[in-house]
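Residue numbering for the sequence shown is 1 to 146, as defined by my numbering.
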Amino acid sequence: MDLDSLYQEVILDHYKNPLHKGLVPEYTKQVHHVNPSCGDEITLNLTLDGDTVSNISWDGVGCSISQASVSILSDLLIGKDYHQALGVVETFQELMASKGKGQGDEDILEDAVAFAGVSKFPARIKCALLGWMAFKDAVSQAEHGK
Ligand code: ZN
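Here you go:
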């Protein structure tokens with residue numbers, strides 16, 4: 001199996017069996033982000049415990065790339081210090097800006113390296129970034145609300 005089909009399988013698996021999907025009623029900040037060019041929508045609930053991302057829950061509709069991306073990022077970022085989590089978001093943004101040249105650092109991005117190939121397709125980059133931008137927005141709102 002080549003890397004592209006392995007990555008497609010990771011994305012499809014998260015799309016079919018999403019992690020942390022289903023909004024929990026307790027949260028620090030709730031954000032709703034849409035990607036009109038594809039019709040993707042997500043609502044993300046962020047819970048901070050001090051500086052720790054103690055929970056992320058979400059609900060959404062849209063293409064497999066957008067939904068799988070939120071599933072992967074929620075599992076990846078829960079339990080991290082939020083400053084560290086924002087660094088992971090930045091690493092993912094750099095990968096998405098790599099125009100197909102980046103491989104992604106698997107130590108930092110784990111399953112999210114599966115989106116490396118998406119960076120070749122400008123129209124799909126917004127799909128992949130939707131959840132990450134929502135997370136970043138929720139953190140920044142939570143920070144300003146302190
Ligand atoms: Zn999409």
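Built from N, CA and C at the ideal position, the CB exists for glycine as well.
When the Cα of residue i is compared with those of the options, which residue comes out closest?
{"i": "serine 119", "options": "Leu86, Ile65 and Met133", "result": "Ile65"}
{"i": "tyrosine 27", "options": "Ser54, Glu9 and Tyr7", "result": "Ser54"}
{"i": "lysine 136", "options": "Val24, Gly100, Leu48 and Lys99", "result": "Leu48"}
{"i": "valine 10", "options": "Arg124, Ala114, Cys63 and Ser98", "result": "Ala114"}
Identify whether residue i lies in helix, strand or coil by the three-state DSSP scheme.
{"i": "valine 10", "result": "helix"}
{"i": "glutamate 26", "result": "coil"}
{"i": "lysine 99", "result": "coil"}
{"i": "leucine 48", "result": "strand"}
{"i": "lysine 80", "result": "coil"}
{"i": "aspartate 40", "result": "strand"}
{"i": "histidine 20", "result": "coil"}
{"i": "glycine 62", "result": "coil"}
{"i": "aspartate 2", "result": "coil"}
{"i": "phenylalanine 155", "result": "Nothing can be reported for residue 155, as the shown portion of the chain is limited to 1 through 146."}
Is it buried or exposed, residue i, if we count other Cβ atoms within 10 angstroms and call 16 or more buried?
{"i": "glycine 147", "result": "Outside the modelled stretch of the chain, which goes from 1 to 146, sits residue 147, for which no answer is possible."}
{"i": "glycine 39", "result": "exposed"}
{"i": "histidine 14", "result": "buried"}
{"i": "asparagine 17", "result": "exposed"}
{"i": "leucine 46", "result": "buried"}
{"i": "alanine 134", "result": "buried"}
{"i": "histidine 33", "result": "buried"}
{"i": "lysine 29", "result": "buried"}
{"i": "valine 31", "result": "buried"}
Let me check one thing: in DSSP terms, what residues is residue i bridge-paired to?
{"i": "serine 57", "result": "Asn45"}
{"i": "valine 31", "result": "Leu44"}
To the nearest angstrom, how far is it from the Cα of residue i to the Cα of residue j?
{"i": "valine 139", "j": "leucine 44", "result": "11 Å"}
{"i": "proline 122", "j": "alanine 142", "result": "30 Å"}
{"i": "glutamine 67", "j": "valine 61", "result": "7 Å"}
{"i": "glycine 117", "j": "valine 89", "result": "17 Å"}
{"i": "aspartate 59", "j": "leucine 19", "result": "10 Å"}
{"i": "leucine 95", "j": "glycine 104", "result": "6 Å"}
{"i": "leucine 73", "j": "histidine 144", "result": "22 Å"}
{"i": "cysteine 127", "j": "glutamate 41", "result": "9 Å"}
Report yes if the C-beta of residue i is less than 7 Å from at least one heavy atom of the ligand NAD; otherwise report no.
{"i": "serine 66", "result": "Among the ligands modelled here, namely the ligand ZN, the ligand NAD does not occur."}
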